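Only one structure is covered here, and it is reproduced in the block below.
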Amino acid sequence: MARMRSVKTRLRQLLEAEDWRSHLPAIAAEGLAAVGPLLSFLLLEPRTRHRAAVALGAVAAALERTQPEAVRNLMRRFMWHMNEESGNIGWGIPEAFAEACCASGLAAREFHRVLISYVIELEKDDNFCDHDVLRRSCFWGIGRLAQVRPELAEWARPWLRRGLDDPDLICRGMAAWALRQLPADMMDAPLLRRLADDGPDAACEIFDGNDMRATSVRRLAAGD
């Protein structure tokens, strides 16, 4: 137990450092020993949560080289945390899911459709995330996937378009941001323009790869 606390303290210090990205190889080298502490950091404030998600992606990429089945088990663990039967809400899991898919080709190939399924509402027999606040992270995660693997995220485009009318205002902004990470499509433009012109001015936060950036639904739709 004392060793676990020591590992958590050390990893958190690394993630909160200014040069935190330079420490990712060392964190990844911890392998499975880093997973538990990093998962616990997903419950912290947004900046640390996102950085922990990036670190989990680095761990997944490192494991893929020597323990591919461990990567699959990690992704299944994420899926379990997103399942209502687990008793968890899944805070930070979509971010970690996305970063793992960005960093690991194996995770991306085998699990990207699971990430996208969290915003697909079919009314029955779907995997839709009906928790509004958590669904915001699902849209963000798809946008993050689109930045690195647009060919895999392309499948989400029609569901991102539907997300522009999501009942949750912040989800609309996150869906707009995610849609703008994909290659431009003429069918998207009028929908995004409508949200930019007439949509809510609700406040949003986007992780820019290092820190959280304050913005609004309208600005995300406009691509600002």
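Each step along the sequence shown adds one to the number in the UniProt record's numbering, with nothing skipped, and position 40 is 40. A virtual CB, placed ideally from N, CA and C, is assigned to each residue, including glycine. The model shown is predicted, which means the values in this text are computed figures rather than measured ones.
Exposed or buried, what is residue i when buried is set at 16 or more other beta-carbons lying within 10 Å of its beta-carbon?
i       : result
Asp-201 : exposed
Leu-43  : exposed
Met-79  : buried
Leu-32  : exposed
Gly-105 : exposed
Gly-209 : exposed
Pro-37  : buried
Leu-122 : exposed
Under a three-way DSSP split, which group does residue i fall into?
i       : result
Ala-156 : helix
Phe-128 : coil
Ile-27  : helix
Glu-205 : strand
Ala-17  : coil
Met-186 : coil
Ser-117 : helix
Please list the terminal residues of the continuous beta strand (DSSP E) segment that includes residue i.
i       : result
Arg-149 : Looking at the DSSP string, Arg-149 is not in any beta strand (DSSP E), and its letter there is neither H nor E.
Under 8 Å between the Cβ atoms of residue i and residue j?
i           : j       : result
residue 230 : Arg-172 : One cannot answer for residue 230 here, as it falls past the ends of the chain, which runs 1 to 224.
Ile-142     : Leu-169 : no
Ala-108     : Val-59  : no
Ala-53      : Glu-99  : yes
Cys-102     : Arg-49  : no
Arg-157     : Leu-182 : yes
His-131     : Ile-93  : no
State the beta-bridge partners of residue i as determined by DSSP.
i       : result
Ala-108 : For Ala-108, which the question treats as bridged, DSSP gives no partner whatsoever.
Which residues bound the alpha helix (DSSP H) around residue i?
i      : result
Ser-40 : 35–41
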